[in-house]
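Chains as they are written, first to last, in this note's numbering: chain G, 1075 to 1184; chain C, 7 to 121. So the structure is just underneath, and the comments pick up after that.
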């Protein structure tokens, strides 16, 4: 089983739609969780960390479900500019080992 | 602003030559940096972990003699692609970890084209 699994999509949604991505992880002791956004031909950029209690940043909401071992990213009121690949990253401990999802491709359609 | 800076952003080199890519941590010291490669429409693949003052740790299948990593200071790691071939053409990205939550910050990436 992979350390981190993520549906690659693609997700094609109309403007204004709500879309959610999940990312499952295998190590129940994982400590830190992140969502990154990667635009075409660019480096991944931190979108948001995922906190145990869940956290929101504008139209973006991140959730952690430790019982089922997954994190989620919810995007409300999708904009054309949200089109990108969304990558989940899991740090299983406090060290320097990280596991990456394969990325989920999102295209927001006018 | 940028936390990790990478240079050059794009480089074209002839087959058989070597090319060096630099990764710098800005305003912080990074004892560990990471090097990745990403082919078009594929996932990031970790190539190696660069350790300041010691040898890099390479992932399985990555040739250490071809991809030379030097981490001579706490703010600079370099990746040298030696005897480059067209199949080495790819997007190379470095990263460093910062903060209590061990957050990864990526450099801007370097597009290598070997002709």
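Glycine residues also receive a C-beta, built at the ideal position from the N, C-alpha and C atoms.
Closer than 8 Å, CB to CB, is residue i near chain C or not?
i: residue 1178 (chain G); result: no
i: residue 1118 (chain G); result: yes
i: residue 1093 (chain G); result: no
i: residue 1174 (chain G); result: yes
i: residue 1108 (chain G); result: yes
i: residue 1163 (chain G); result: yes
i: residue 1170 (chain G); result: yes
i: residue 1123 (chain G); result: yes
DSSP three-state call for residue i: helix, strand or coil?
i: residue 1079 (chain G); result: strand
i: residue 1151 (chain G); result: coil
i: residue 93 (chain C); result: helix
i: residue 1156 (chain G); result: helix
i: residue 80 (chain C); result: coil
i: residue 1097 (chain G); result: strand
i: residue 1092 (chain G); result: coil
i: residue 1106 (chain G); result: strand
i: residue 102 (chain C); result: strand
i: residue 1162 (chain G); result: strand
i: residue 1119 (chain G); result: strand
i: residue 121 (chain C); result: coil
i: residue 32 (chain C); result: coil
i: residue 116 (chain C); result: strand
i: residue 1086 (chain G); result: strand
Would you mind telling me which residues of chain D sit closer than 7 Å to residue i, beta carbon to beta carbon, in chain order?
i: residue 114 (chain C); result: Given the protein chain composition of this structure (G and C), no chain D is represented.
Using 8 Å for Cβ pairs, my map puts residue i next to residue j. What's the rounded Cβ distance?
i: residue 1089 (chain G); j: residue 1154 (chain G); result: 6 Å
i: residue 97 (chain C); j: residue 87 (chain C); result: Residue 97 (chain C) to residue 87 (chain C), Cβ: 13 Å. No contact.
i: residue 32 (chain C); j: residue 40 (chain C); result: Not confirmed; about 16 Å, so no contact.
i: residue 81 (chain C); j: residue 56 (chain C); result: Not confirmed; about 12 Å, so no contact.
i: residue 1148 (chain G); j: residue 1094 (chain G); result: 5 Å
i: residue 29 (chain C); j: residue 113 (chain C); result: 5 Å
i: residue 1096 (chain G); j: residue 1183 (chain G); result: In fact, because the Cβ distance is near 22 Å, the residues do not count as touching under 8 Å.
i: residue 117 (chain C); j: residue 16 (chain C); result: 5 Å
i: residue 21 (chain C); j: residue 120 (chain C); result: 6 Å
Closer than 8 Å, CB to CB, is residue i near chain G or not?
i: residue 109 (chain C); result: yes
i: residue 49 (chain C); result: yes
i: residue 99 (chain C); result: yes
i: residue 38 (chain C); result: yes
i: residue 68 (chain C); result: no
i: residue 84 (chain C); result: no
i: residue 17 (chain C); result: no
i: residue 81 (chain C); result: no
i: residue 55 (chain C); result: yes
i: residue 103 (chain C); result: yes
Taking 7 Å as the cut-off, is the C-beta of residue i nearer than that to any heavy atom in the ligand NAP?
i: residue 1128 (chain G); result: Annotation note on the ligand NAP: not contained in the displayed structure, which lists no ligands.
Which residue or residues does DSSP assign as beta-bridge partners of residue i?
i: residue 25 (chain C); result: C:87
i: residue 57 (chain C); result: C:38
i: residue 1176 (chain G); result: In the DSSP output, where bridge partners are listed per residue, residue 1176 (chain G) has none listed.
Can you tell me where the beta strand (DSSP E) holding residue i begins and where it ends?
i: residue 1125 (chain G); result: No beta strand (DSSP E) holds residue 1125 (chain G); DSSP gives it neither H nor E.
i: residue 1139 (chain G); result: 1134-1139
i: residue 16 (chain C); result: 16-19
i: residue 9 (chain C); result: Taken as a continuous stretch (DSSP letters only), residue 9 (chain C) belongs to no beta strand (DSSP E), as it is neither H nor E.
i: residue 112 (chain C); result: 109-112
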